[in-house]
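What follows is a short report on a single structure.
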Amino acid sequence: MAATHAWDGMSHDMRDVSAITRAEPAHQAYLALWIGFIVLPLVVGLDKLIGFLNVNWEGYLAPWINSIVPGSAADAMMTVGVVELAAAACVALAPRIGGYVVAAWLAGIIVNLVSMGNYNDIALRDLGLLIGAVALARLATTYHGKEIS
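Read in order, the letters of the sequence shown are residues 9 to 157 in our numbering.
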């Protein structure tokens, strides 16, 4: 029984879960990045809206940014959450573009964190994520919508 998945156009036998393990390594890397860059922005975006992870997101907002955005830091983080949900959707539907959208968003986060001087370790981690997002966009040019072989 073949099924086509609307989210990436792939078709394969739904009972053949091992198809992913037989895929070429670059295709496996693409799938791992694609799933990761959908799930992670989705989780942190939702958390900024409903707060299930118990993270004080406002503490990561640089004072200079807080002074130029309208409303409070909490309002800014709600907006950030919506942007992160949109980024997750963009990666899910169009990873060739979404990877670059996430990379640009991460670049902005890095600037914010470095400007505070307290979160260079997190900024460095986000640089690694930025590189992964660019790799996703590049791999998507070859693998998005391609059937696992």
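Cβ coordinates follow ideal geometry from the N, Cα and C atoms, glycine included.
All values reported here derive from a predicted model rather than from experimental measurement.
Per-residue burial, residue i [other beta carbons within 10 Å of its own, 16 or more giving buried]
i: A145; result: buried
i: A148; result: buried
i: V69; result: According to the sequence provided, residue 69 is Leu. The question's Val does not apply to it. Burial call: buried.
i: P71; result: exposed
i: F45; result: buried
i: L132; result: exposed
i: I117; result: buried
i: A31; result: buried
i: P33; result: exposed
Residue interval of the alpha helix (DSSP H) (run including residue i)
i: A112; result: P103 to M124
i: L137; result: N128 to Y151
CB of residue i within 8 Å of CB of residue j, strictly
i: L41; j: G140; result: yes
i: L93; j: G53; result: yes
i: V122; j: N128; result: yes
i: Y102; j: L138; result: The sequence shown places Ala at residue 102, not Tyr. Contact flag unset, no.
Quick test of the definition: if touching needs 3 or more C-beta pairs under 8 Å, does the stretch 88-102 touch the stretch 110-127?
Yes, they touch.
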